[in-house]
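Trainee: Can you keep this structure in mind? I'll have questions shortly.
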Amino acid sequence: MVLSKKRARKVIEEIIALYPDAKPSLDFRNHFELLVAVMLSAQTTDAAVNKATPALFAALPTPEKMAAASESEIASYISRLGLYRNKAKFLKECAQQLLEQHNGVVPQTREELEALSGVGRKTANVVMSVGFGIPAFAVDTHVGRICKHHDIVKKSATPLETEKRVMEVLPPELWLKAHQAMIYFGREVCHPKNPECANYPQLYEFD
């Protein structure tokens, strides 16, 4: 049974309380690097992305450099990441779009971000919230798993349904904090197998 809004909010707030200082685990120095890092993180750990991006960003630090590089050159820097050939293709196309349509600047709106090659809703939400401080809630595998395991959403909920439910439950100022905290909670506690959530009784204590 899906929890009421009040109870669902309490669960998420307790997770935020466990990781009050959670910050993005991807390394980046500007909006372009953030966009690239999030695109690379699909089906790959943030730790693996952080190992690949220093050399990538040193060689191709701007949309101009990325667009001018060949797909094979881009791929050579990310070859240890999953789906690296597709990602290299998307990065080059995305960089070209940034130059042709946005004067080399990463856009801030969901519509413009999702129009970029290789950018889906989750990536757009991360760039908007982390990069620009625009309230948005990104649903990755950790967030989706936690929300289902703790009955915040139904077991069959889609990422979009999960996103909308959390946005209904929480005020906008907590969306980013919830996303960041859930990532750490998913890595350290609410594992895909043998979750250890029972060690945190406050997640199950409701008024």
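So in full-length UniProt numbering the end of the sequence shown lands on 207, straight run, no missing numbers.
Just so you know, even glycine gets a beta-carbon here, dropped at the ideal spot from N, CA and C.
Predicted, not measured: the structure shown is a model, and the values here were computed from it.
My output table needs one value for P135: the three-state DSSP class, helix, strand or coil.
Mentor: In the sequence shown, counting from the first residue as 1, residue 135 sits at position 135. Coil, per DSSP.
Trainee: From which residue to which residue does the alpha helix (DSSP H) around Y84 run?
Mentor: What you label residue 84 is simply residue 84 of the sequence shown in a count that begins at 1. Y84 to H102 is the extent of the alpha helix (DSSP H) around Y84.
Trainee: Using only the alpha-carbon positions, how far apart do R110 and A138 sit?
Mentor: Indexing the sequence shown from 1 puts residue 110 at position 110. Indexing the sequence shown from 1 puts residue 138 at position 138. If you take the alpha carbons of R110 and A138, they lie about 12 Å apart.
Trainee: Mind pulling the alpha helix (DSSP H) runs of 4 or more residues that sit fully within the region 103–182?
Mentor: Complete alpha helix (DSSP H) runs here, min 4: 110–114, 121–126, 141–149 and 159–169.
Trainee: Over what stretch of residues does the alpha helix (DSSP H) that includes P63 continue unbroken?
Mentor: Sequence index remark: in the sequence shown, residue 63 carries index 63 (1-based). Start and end: P63 to A68.
Trainee: Which word fits G133, buried or exposed, when buried means at least 16 other C-beta atoms lie within 10 angstroms of its C-beta?
Mentor: The sequence position of residue 133 within the sequence shown is 133, counting from 1. Burial call: exposed.
Trainee: In this structure, how does DSSP classify H191 when only helix, strand and coil are distinguished?
Mentor: Sequence index remark: in the sequence shown, residue 191 carries index 191 (1-based). Looking at H191 - three-state DSSP - the assignment turns out to be coil, as it is neither helix nor strand.
Trainee: Taking the straight line between their C-alpha atoms, what separation do you get for P37 and K122?
Mentor: In the sequence shown, the residue the question calls residue 37 occupies position 37. In the sequence shown, the residue the question calls residue 122 occupies position 122. Note on residue identity: the sequence assigns Ala, not Pro, to residue 37. C-alpha separation (whole angstroms): 13 Å.
Trainee: Whole angstroms are fine: how far does the CA of L203 sit from the CA of E188?
Mentor: As a working mapping, residue 188 is identified with position 188 in the sequence shown. As a working mapping, residue 203 is identified with position 203 in the sequence shown. Their Cα atoms are separated by approximately 15 Å.
Trainee: Does DSSP classify V42 as helix, strand or coil?
Mentor: In the sequence shown, counting from the first residue as 1, residue 42 sits at position 42. Sequence inspection shows Ala at residue 42; the Val mentioned does not correspond to that position. Three-state result, A42: coil.
Trainee: Please name the residue, chosen from E205, P192 and N125, that lies closest to H167 on a Cα-to-Cα basis.
Mentor: Numbered from 1 along the sequence shown, position 167 holds the residue referred to as residue 167. Here residue 167 is Met; the residue named in the question, His, does not match the sequence. For M167, the nearest C-alpha among the options comes from N125.
Trainee: If you reduce the DSSP assignment to three classes, tell me which class A22 lands in.
Mentor: Taking the first residue of the sequence shown as position 1, residue 22 is located at position 22. Coil, per DSSP.
Trainee: Assign K51 to buried or exposed, taking buried as 16 or more other Cβ atoms, counted over all protein chains shown, within 10 Å of its Cβ.
Mentor: Counting from one through the sequence shown, the residue named residue 51 turns up at place 51. Burial call: exposed.
Trainee: In three-state terms, what does DSSP make of residue 250?
Mentor: Since the displayed the chain opens at 1 and closes at 207, residue 250 lies outside it and no answer follows.
Trainee: Over what stretch of residues does the alpha helix (DSSP H) that includes Y200 continue unbroken?
Mentor: Here residue 200 refers to the residue found at position 200 when the sequence shown is read from its first residue. Counting along the chain, Y200 falls outside any alpha helix (DSSP H), and DSSP gives it neither H nor E.
Trainee: Can you find at least 3 beta carbon pairs, one from the region 179–188 and one from the region 12–25, that sit closer than 8 Å?
Mentor: In short, these stretches touch, since the Cβ pair count reaches three.
Trainee: Classify V105: buried if its beta carbon has 16 or more other beta carbons within 10 angstroms, exposed otherwise.
Mentor: For the purposes of this step, residue 105 is taken as residue 105 along the sequence shown, with counting starting at 1. Label assigned to V105: exposed.
Trainee: Provide the residue span of the alpha helix (DSSP H) that contains S76, from first to last.
Mentor: Position 76 of the sequence shown, counted from the start, is the residue given in the question as residue 76. Note, S76: alpha helix (DSSP H), E71 to Y77.
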